[in-house]
Each structure stands twice: as structure tokens, then as C-alpha cells.
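Protein chains in written order, with the working numbering: chain A, -12 to 62; chain B, 493 to 1437.
The next block holds one structure in the form of C-alpha cells; read it before the comments.
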Amino acid sequence: MSTIEHLASMANDISNFFEGEVGPAEAPASIALHLQRYWDPRMRARIIAYAAQGGEQLSASALAAVRTLPPPPIR
Amino acid sequence: MYSLDHHDHGTPPTDGAPVTLTIDGAEVTVPAGTSVMRAAAAAGGAIPKLCATDTLNAFGSCRVCLVEIEGQRGFPASCTTLVAPGMKVKTDSERLQQLRRGVIELYMSDHPEKDAAGERSELRQVAAKLGMSTVTRYGKDGQTHLEACKDESNPYFSFDPSACIVCSRCVRACNEVQGTFALTVEGRGFASRIVASQDDGFKESECVSCGACVESCPTGALTEKSMQAVGQPAEAVKTTCAYCGVGCSFVAEVKDQQVVRMVPDREGGANRGHACVKGRFAYGYATHQDRITKPMIRAKITDPWREVSWDEAFRHAASEFRRIQAKYGRFSVGGITSSRCTNEEAFLVQKLVRAALGTNNVDTCARVCHSPTGYGLKQTLGESAGTQNFDSVTKSDVIMVIGANPTDGHPVFGSRMKRRLREGAKLIVADPREIDLVRSPHIQADYHLQLRPGTNVALINSLAHVVVTEGLVNEKFVAERCEPGPFQRWKDFVSQPKNSPEAMEAVTGVPARHVRQAARLYATGGNGAIYYGLGVTEHSQGSTMVMGIANLAMATGNIGREGVGVNPLRGQNNVQGSCDMGSFPHELAGYRHLSDETTRNLFGAEWGVTIDPEPGLRIPNMLEAAVDGSFKALYIQGEDPAQSDPNTQHVAAGLAAMECVIVQDLFLNESAKYAHIFFPGSSFLEKDGTFTNAERRIQMVRKVMEPLGGLADWEVTVRFAKALGYEMDYTHPSQIMDEIARLTPTFTGVSYAKLDAEGSIQWPCNEKAPLGTPTMHIGEFVRGKGRFFITEYVPTKEKVNAKYPLILTTGRVLSQYNVGAQTRRTPNSQWYDEDRIEIHPHDAEDRGIATGDWVGVSSRAGTTVLRATVTEKVQPGVIYTTFHFPESGANVITTENSDWATNCPEYKVTAVQVMKVQQPSDWQRRHAENDRRQRELLQQARARA
């Protein structure tokens, strides 16, 4: 599995939890907060770039969440 | 025999109402239920005794402790006679002396002139006190046991029947303290003797070599071989075991900086005087010939090592890290703290990374074990730690063990748990394997929920479903203590039919009626306590499961008092401590997130730097970033990711891609084979510091010998930081703890002075709790109100199919410890010298596999070859192995799947195929060749030096 496939898979796992916890409508905000609190900026940068290209392997909630992330500082 | 500093009270303490009596004319007040013997000890006297000791119930067999009691006929045994108000006791008289002499004389007439205990033999001490020598009027001419053969089979202790007086202390220690029931008195009268199992000899018997029998022996019949080899110790130093998360307190008995023996501290809050085969006996690794005691460097991992001075090693390391940061950026480097090192050492490594290197790329090996515990308990209860002390189990009525194997992984606590179970507590075990607790002498689990690996969350939801739908919620507790909105949402969620035991039976494989009965028992059986281990955390839903456990405890009101709680059994000695110390890349000491500017500024001001507000890389992310080219240098203290982390080939690729790997360790471990710089580490015997165990208990580690490499681990980090241009001005670890206390609200009241005075402290320790907090969340949760979370079951991506039809799960055994770096270098390997695959008879028969056959185990990550053990301990469709030996390559098979919240690897679920083979796997051949080559490079360095 490539790094980006792995990151997408991890984001989807996070998405699975928050969709259950707060529902699909509010999940993106919780997912985005989780990514900001626990993911290194270079990981966020890669998933943001992936989402910008369509992010086809991301779940709907994960994709929505990633699209709300501000650009992380450069690492 | 007792430790050097122990003063025995004869019988165990009690906690009854005060009773006043008179002993030898002096009034003494003791709790009701106390024996006359213990009361006499409390009054400052010491009644002679042999079969009594204060860790065992009174037995009354030796007839040495006789006393006279006014108004009573005869001479009652003081160990079995309880105090009464106004009782008048005489402990010494001519008649008593005469009776005692008569008994001792008989013993001495059948006792060797010399025994291993020497002057520390209680028998000889009593004889001396009575003015007797070994020569008696009976002589040695009659029938004796003096020619009886010694049992030398156990590598750590010997049994000399000629010195045995059959007082049964060893038998009772095995029964009452350890709970193994391996020893017995065989025969009657003169023919009676102590035997192990069916007279199999100690090593081949059911004996687990905990050593309780050895310590309890009053005559030296059972003695540590180290006593015979090294001689009598000269001093005693209290310290803390460096193996599992129980954190046993020990008295190290030392002679000329050499450990003679380790005796568990009877005042130890965690272990109450008990130990296991690892802590008591397996310390020989500390002086093993494989220890590397000289710093070494090399340019490439294919080069020979070159031994250098510490100064050169630090200069080179600093120069490499600065070169790499200059070339690839500040964030291209990082560090890993160790759960085997002290709190102070973990604190310093993360400080070095954050302050000297200017990045948050620091993580700890707890990443791969209990990181979901930290996340899950913080979210639900407000603190990343277990809720109880170990004593709490003595007040539990229902014990639920989930994904843990206490008798092997945490044996001293396992023994305490078994003791409580023998007293009548109920037991629920949720585990894919039939662990020993399910059925062992005098223990029988009420329910064994033998779930399929990977279905924990489905099981916890179905347990919760029963609690909610059958009206078993503790509504009062929930209303007072928990947030109402999340509780209602959780209640609605678990009530859904999809979460019922009947619906989940197809997923978990656990009969619905057993789930219902177990849930009812836990919710209504009195104090319900949950103990869990890596079988909970090491899953793709590890954090979800931890939250599910907390939900269940809150819903039933089983939290916030003694006897209940949520109790993670931590794997290594300082998992709790390394996490407390800010080792994770997203938070500072005391679990405070980097996004909190006030906390960042507090640390920044103390350290004279600006702390980066962004989270750093976790261990698996570091390795991925290394493969991708953005992470280039790593300082690893006391950790071996190349053996312990999943998907070994991926880990190796990550390490090999870095330009500078520093390994600080006792041995040339698997990761050191990819290292460019080696800093010699120091064992727990070679330094001062503290460990924090699974019950948040901070305990002192005290130096008993000088570091073999010249520097303690904390000194290495200090010197490395200095070489990087960042001054750390400590001359003793106590100063590091003072800094931790200044910066960490839960440690405010902790100091070495207080630890010396109190023995141990359970954090939080601050103004509100100056002596610590044995039980958390009393009256209020740390986060205020408890928070329920919805725990939707999400099946793991690791699914069985035609190619990989079995599930592999992993664990460990009693005699070995984690990656085995310590225990493999001790005689413990005599009990377990290779990792094996356990396979159910049905699966074995399908594949033509018999016990002892070599089998190939393949997953989508890799293949390895191990020998098989066919056993019904595992269920059909599931195989099991341990990961103690690097050549086994257990982690060659495990995958990159991980917990959604923390990236803790999913070690417990890997889809595999198994087949009979005749030769090692390709990976094993490559590993053997690399191992041989790396050892050659080490030998070349030593030869040159």
C-alpha cells in the first residue's frame, strides 16, 4: 500500500468512528479536528493535496473534512 | 529466607476493632482478629516460630510458638490463637523453654551440620535463642533424612530435603500467595516430604518458579543458587522491577555491587511481597556477555563498527543530526522514548527532541501497545490512566478480564486476582484463547466469552445492549455523574436490535445466552471490575473498545470506588510513566495538548525555547516518512521497533532509508543492525530514577551497581543535548523530577524526598491529594461529567478469505518478556526457547500438521516459519503465536492496519494461511545472514579495540 493509500485508509477509519458518534452531517468537523490535533503537517499536506485531486478513495465525510483543513505549515 | 531488612510479624494483619490485652505484663492494643503472635510482635517481642510467617495464614504445625494464657489450660500456639479483650499472655517461662527445646531438638537431630541458609536459617536462629547447638542428645545415628537427594533441576533454586522440616510454608506459599498449588506434602509421619506436582522435580512440575516457596523456607532447604554461588549479601537496596506494568517493589540484596538475590518487598504497594520468575530471578541479563559497554559509530550500516569515546560519540551524533537538519529541515529528525526506561529518562528524551531539536517528532513504544487506552479513557473519563490500585481487586465481586492474560503477562497481579476468585468473586473472561484463568486449580471462569479476534466492539455493544434493555443501568449514578445527552444517544444506540447478543452472535461467535448471563452478572453482581490488556487495544477499533469499556462501567455505576473500575494492565514497566512524561507527539507532560498555548508557554519558558504548536510524527508515520524521504534521523532510546513493530520488512525499509539512526540499548538489538551510532544503555540496576506502574504508582529505582558503560541513560541524553548546543543542567535525576513536578499539575506534590518517605505515590499528587490518589473519579470524573461515546462496530479490513483462511493473534508467555531481549539472556529460556504456532486440532488435521512440525505462516505482509503446537486452547479458525524471538519473525506477518485514533497496530488480527514446510522462509534466511554479518561487524570492532 502506498503512503497516500494508507493515509486515505486512516482518514476513512477516523470517518467511520465519527459518523457513528455524531452522525454524517457533523462528522466532517470532528474528523477535521482530529486530523489537526493528531496528524503531522506533512501528513495533512498530502491528504489535502490528494483531496484536491478528487480524493477518490476517501469516504464522503473524510473528503468533506479534509477540504475544510487549512493549509498546514511546511515541513 | 526473608530479605535482610524484614522483621516478620508471624501472621497477616487484620483490620478489626481495637482490642487491648496484656503480654508479658505490658498492655498492647491491636485489631480484633490479630493472633497473639502478631500482637506480641507489635509489643516489641518475638515469639520463637518456624511454620508461621506474616504472608501466610496461621497453620499451627511446628509447636514452637507456644504460650501460656491466664485461665486457659495447656500451651496454645500463639499463631492460631486470636487476641481477646483483657487476655493475659506469657510468652516466656521455664516450662515454655523446655517445650520449645524439645521440639527444636528433634528437628536438629535430623538436620545437616551445614545448610545453604547458614546464619540466616530461622531454625538455627531459634535454636541459638534457646541456647542449643546442632548437636543433640539423640545424635545422628538413628534414621534420618540426611542422605536425601537434592533437586537441582530448577535453574534458579535448589531443594535439599535433608534440611527440610516439612513445616508446609512452601506448600502454603504456593497455594495462598501464588495460587498454583504445585507443591504438596507426600506421605505420612517420618516418610512425609515435599514434592512438586507428581514428584516430577521442580523444573518439570507445574511450578512457575515465582520463588515464594524459596523465600518462605525457614531452614534453607529451598535456596537461591545465586546465594550459593555469590555468598551472603552485605547490603539491601529497595528498587523497582523493570519487567511488566505491575511494578513490583524489590529489595536487591547486594555484595560488592553484585546482586545476590532479589526479594520482593513486603511493604511494596503493588506486589505486597510477591514476585514472579522474571522479576525475582531473571536479572542476569544485566551482566550478560552480550552487553555493549563502549559507544560505537559507523558511516554506513554495512560498515564495521568503530568503538569510540563518549565524547567522540556525542560530537559525531550531534554533528550528524545538525547536518541532516541543515540539509533536510528541522522536522526531518526525531526520537523515541522508552517504556523500559525511567520517567526522568523519557522526560529528557522528549525534552531533547522538542527543545534541542525544535520538533515534536517524538513518540514512545506505548504507541504500539496502550496508546488507545490513553485516548479512550481521556475522552470518556477525563484522564489517560486506570482508575484503581491493585489492592482494589480484593473488594471486587465480579471480575471481567478482557483481552488480557494476567497469569502470564502480569503474574503477580494474576495471583492476587486468583486469590480473590478463590474467596468467591465471579469471573468473566472475554478472550479468543482459553487462557489459564479460564480453568486452573480452584479457579473456574463463570463465563468464557470466546469471541473471534477482531470482534471486541461487537461484544461490548451486545453486553451494553443487555444492560440497557433489561433495565440494569444504574440510573442514579448516570444521572448524577454523566452527561445526559451523550448517555441518551448511547442508550438509544446500544438498544438497537443490531447490537443484541442474538444479532451479534454471528459476528462474535459467542452464544447469545452467555453474553446475556455475563452482562447480568457484571451489572448486578456487586462490585464489578474490568481488567484489560493488549487484546483490547491492539485492534483497528482499539480506542473504540476502550471507550466501550468505559461506557459499560459508567452505565452500571462501576467506577469511582474500591473494588470496581476500568483497569488497563500495562505491558512494560513504565508504559504509564513514559506516556505521562509527554512522550507522544501531540502533547506535553500530563497529557496536555500542544494546541494549548498556556501549556506551551509554560514549558517554553522553563526550557528557554518556543515549542512548536503542531503535532509531530508517530512511530509508524516516522517510518513511512523515512521511506518517502522526508524523515532522515532518529534517536531511539531503549526500544526495538525492528522486532516489536508490525510489518517488519516495512520497518526495516524505513530504518534503512535514514541517514542517521542512533540506538541506545543494552544489546545489539534488531534495530541496532540499522544504526549508525550506538550509545550503551544502562539497566535498571545501574541508575536512579522512577517508574510508574499500571496503577499510576510512582516508585523509586535505585542504583545498586555503577553503569557498565560509564553513564546512566539520563546522563547520555544530557550529554547528547549538550553536544547539540542545548544545556541540560542536571546532576541527579531528582532534579529532573523536580522539573516535572513544576510543569505537571498531576505531579505537583511528587519529589524524591516524598517518595523516600512514603515508599510510593499514585498520581495525581498535588494540593488536593498530597499523598496521591489510589482511586480516581470518586464523586466526580476528572473531566467533570462522564461522557458516553457511541461505539459502532466496524469490522476490521483484515478479513479471512480463500487465500488466507485463518486468523493469527499474538500474545506472550510467563517466562519470556516482550521481544525477549532481557529474558532470552537468562535461564528463563529453559522453559520456552522458541516461538511456536498454536493451532486447533481441526485446522491441524486439515493440513496434516502435528505438534513439532515446521509450518509456514503467510499473510499479505510476509511469510515466516515456526513449529506447531496442536492444542484446543485456540478455537478453530484461529492460530496464535508469541513474539519473543527475533528469528521467528512474528511481525513479518503482521500488517500496517492500526487503530483509527492512535495508529496502535492491529497485532491481534492478521489473516493467514498455514502449511507444513521443510525449510525456513526467505525472510528468515535473509535475517539469519544479516544477523551473522552484523555480529561479525561488531566482533571486528571489539577485536580492533
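Yeah, the Cβ is synthetic: ideal placement off N, Cα and C, and Gly gets one too.
### Rounded straight-line distance, which links the Cα of Thr1184(B) to that of Ile1079(B)
The count along the second sequence starts at 1 and reaches residue 1079(B) at position 587. The count along the second sequence starts at 1 and reaches residue 1184(B) at position 692. Residue identity check: residue 1079(B) is Glu in the sequence provided, not Ile. If I take the Cα positions, the gap works out to 18 Å.
### Message
Can you confirm whether Thr55(A), when its beta carbon is compared against all beta carbons of chain B, has any partner nearer than 8 Å?
### Response
Taking the first sequence and counting its residues from 1, the one referred to as residue 55(A) is at position 68. It does not: the Cβ of Thr55(A) has no partner Cβ on chain B nearer than 8 Å.
### Query
Which residue spans inside the segment 873 to 900 of chain B form an unbroken alpha helix (DSSP H) run of at least 4?
none
### Task
Could you say if the segment 1352 to 1372 of chain B and the segment 1400 to 1418 of chain B meet the contact criterion of at least three C-beta pairs nearer than 8 Å?
yes
#### Entry: Buried or exposed by the 16-neighbour rule on C-beta atoms within 10 Å, applied to Thr1302(B)
Stepping through the second sequence from its first residue, residue 1302(B) is reached at position 810. The residue in question, Thr1302(B), is buried, as its Cβ has 16 or more Cβ neighbours within 10 Å.
### Message
For Lys819(B), report the span of its alpha helix (DSSP H) as first-last.
### Response
Walking along the second sequence from the start, residue 819(B) turns up at place 327. Run containing Lys819(B): Trp802 to Tyr820, per the alpha helix (DSSP H) assignment.
### Query
Using a C-beta cutoff of 8 Å, does Ile35(A) count as contacting chain B?
Along the first sequence, read from residue 1 onward, the residue named residue 35(A) stands at position 48. So, not an interface residue.
### Message
Can you look up Arg592(B) in the DSSP assignment and give me helix, strand or coil?
### Response
Here residue 592(B) refers to the residue found at position 100 when the second sequence is read from its first residue. Looking at Arg592(B) - three-state DSSP - the assignment turns out to be helix.
### Message
Does the CB of Ile18(A) have a neighbour CB from chain B at under 8 Å?
### Response
The residue you call residue 18(A) lines up with position 31 of the first sequence. Chain B, which has no Cβ nearer than 8 Å to the Cβ of Ile18(A), makes this no.
#### Entry: Burial state of Ile1270(B), where buried means 16 or more other Cβ atoms lie within 10 Å
Residue mapping note: residue 1270(B) aligns to position 778 of the second sequence, counting from 1. Result: exposed.
### Message
Looking at the strands, I want to know which residues DSSP matches up with Cys974(B).
### Response
As a first step, residue 974(B) must be located in the second sequence, where it is residue number 482. Looking at the DSSP assignment, Cys974(B) forms a beta bridge with Gly1278(B).
### Query
Of the choices Met1114(B), Asn1059(B), His1142(B) and Ser1307(B), whose alpha-carbon is the least far from that of Pro443(B)?
Past the boundaries of the shown model lies residue 443(B); chain B is included only from 493 to 1437, so the question cannot be answered.
### Query
Taking the continuous alpha helix (DSSP H) assigned at Thr(-10)(A), which residues delimit it?
The residue you call residue -10(A) lines up with position 3 of the first sequence. Run containing Thr(-10)(A): Thr(-10) to Val9, per the alpha helix (DSSP H) assignment.
### Query
For the candidate residues Thr1283(B), Asp883(B), Arg1434(B) and Val1404(B), whose alpha-carbon lies nearest to that of Trp1392(B)?
Taking the second sequence and counting its residues from 1, one reaches residue 1392(B) at position 900. Selected option, being the one with the closest Cα: Thr1283(B).
### Message
Taking 8 Å as the cut-off, does the segment 1048 to 1058 of chain B touch the segment 1017 to 1025 of chain B (at least 3 CB pairs, one atom from each stretch)?
### Response
yes
### Task
Since I believe Thr526(B) is in contact with Leu598(B) (beta carbons under 8 Å), could you give me their beta-carbon distance rounded to a whole number of angstroms?
Indexing the second sequence from 1 puts residue 598(B) at position 106. Indexing the second sequence from 1 puts residue 526(B) at position 34. Actually they do not touch by this definition, with Cβ atoms about 30 Å apart.
### Proximal residues, the segment 1106 to 1117 of chain B versus chain A, C-beta separation under 7 Å
Glu1106, Pro1107, Gly1108, Leu1109, Asn1113, Glu1116 and Ala1117
### Query
Looking at Asn897(B) and Ile935(B), is the spacing between their C-beta atoms short of 8 Å?
Along the second sequence, read from residue 1 onward, the residue named residue 935(B) stands at position 443. Along the second sequence, read from residue 1 onward, the residue named residue 897(B) stands at position 405. No; because the gap between Cβ atoms is not below 8 Å, this pair is not in contact.
### Message
List, in chain order, every chain A residue whose beta-carbon is nearer than 9 Å to that of Gly486(B).
### Response
Any question about residue 486(B) goes unanswered here, given that chain B covers just 493 to 1437.
### Query
So, does the CB of Glu1231(B) fall closer than 8 Å to a CB anywhere in chain A?
Position 739 of the second sequence, counted from the start, is the residue given in the question as residue 1231(B). It does not: the Cβ of Glu1231(B) has no partner Cβ on chain A nearer than 8 Å.
### Query
Glu(-8)(A) versus chain B: which residues are under 9 Å apart at the beta carbon?
Translated into positions along the first sequence, residue -8(A) becomes position 5. Those within 9 Å of Glu(-8)(A) in chain B number zero; the least Cβ separation is about 10 Å.
### Task
Specify the secondary structure class of Val1038(B) as computed by DSSP and reduced to three states.
Residue mapping note: residue 1038(B) aligns to position 546 of the second sequence, counting from 1. Helix, per DSSP.
### Query
Looking at the structure shown, is Leu840(B) part of a helix, part of a strand, or coil, going by DSSP?
Sequence index remark: in the second sequence, residue 840(B) carries index 348 (1-based). Leu840(B) falls in the helix class under three-state DSSP.
### Message
With the cut-off set at 8 Å, would you say Val1362(B) and Thr1343(B) are in Cβ contact?
### Response
Taking the first residue of the second sequence as 1, we reach residue 1362(B) at position 870. Taking the first residue of the second sequence as 1, we reach residue 1343(B) at position 851. It is a contact, given that the beta carbons lie within the stated cut-off.
### Cut-off 7 Å between Cβ atoms - residues of its own chain near Val845(B), not counting five sequence neighbours on either side
Along the second sequence, read from residue 1 onward, the residue named residue 845(B) stands at position 353. Excluding residues within five positions, the ones whose Cβ falls inside 7 Å are Gly826, Gly827, Thr851, Asn853 and Val854.
### One or two residues paired with Asp27(A) in a DSSP bridge
For the purposes of this step, residue 27(A) is identified with residue 40 of the first sequence, where counting begins at 1. Bridge partners of Asp27(A): none, in fact.
### CB of Met1407(B) within 8 Å of CB of Gly1348(B), strictly
Taking the first residue of the second sequence as position 1, residue 1407(B) is located at position 915. Taking the first residue of the second sequence as position 1, residue 1348(B) is located at position 856. Their beta carbons are under 8 Å apart, which means Met1407(B) touches Gly1348(B) by this criterion.
#### Entry: C-beta contact flag for Leu1147(B) and Val1153(B) at 8 Å
Translated into positions along the second sequence, residue 1147(B) becomes position 655. Translated into positions along the second sequence, residue 1153(B) becomes position 661. For Leu1147(B) and Val1153(B), yes; Cβs fall inside 8 Å.
### Message
I want to see whether chain B comes within less than 8 Å of Glu8(A), judged by CB atoms only; does it?
### Response
Mapped onto the first sequence, residue 8(A) falls at position 21. Cβ-Cβ to chain B under 8 Å: yes for Glu8(A).
### Message
Is there a C-beta anywhere in chain A that falls below 8 Å from the one on Ile1282(B)?
### Response
Position 790 of the second sequence, counted from the start, is the residue given in the question as residue 1282(B). Chain A contact via Cβ: present.
### Task
Taking 8 Å as the threshold, find out whether the segment 977 to 987 of chain B comes into contact with the segment 941 to 959 of chain B through three or more Cβ pairs.
yes
### Task
Determine, using beta carbons only, whether Pro11(A) comes closer than 8 Å to chain B.
Along the first sequence, read from residue 1 onward, the residue named residue 11(A) stands at position 24. No, its Cβ sits nowhere closer than 8 Å to a Cβ of chain B.
### Query
Per the contact definition of three or more C-beta pairs closer than 8 Å, is the segment 786 to 793 of chain B in contact with the segment 1134 to 1146 of chain B?
no
### Task
Compare the C-beta of Pro28(A) against all C-beta atoms of chain B and say whether one is closer than 8 Å.
Reading the first sequence from its first residue, position 41 is the one you call residue 28(A). Pro28(A) counts as touching chain B.
### Query
So the beta strand (DSSP E) Gln1405(B) belongs to, where does it begin and stop?
Here residue 1405(B) refers to the residue found at position 913 of the second sequence. From DSSP, the beta strand (DSSP E) with Gln1405(B) extends over Thr1402 to Lys1408.
### Query
With which residues is His940(B) paired in a DSSP beta bridge?
Walking along the second sequence from the start, residue 940(B) turns up at place 448. Bridge partners of His940(B): Val921(B).
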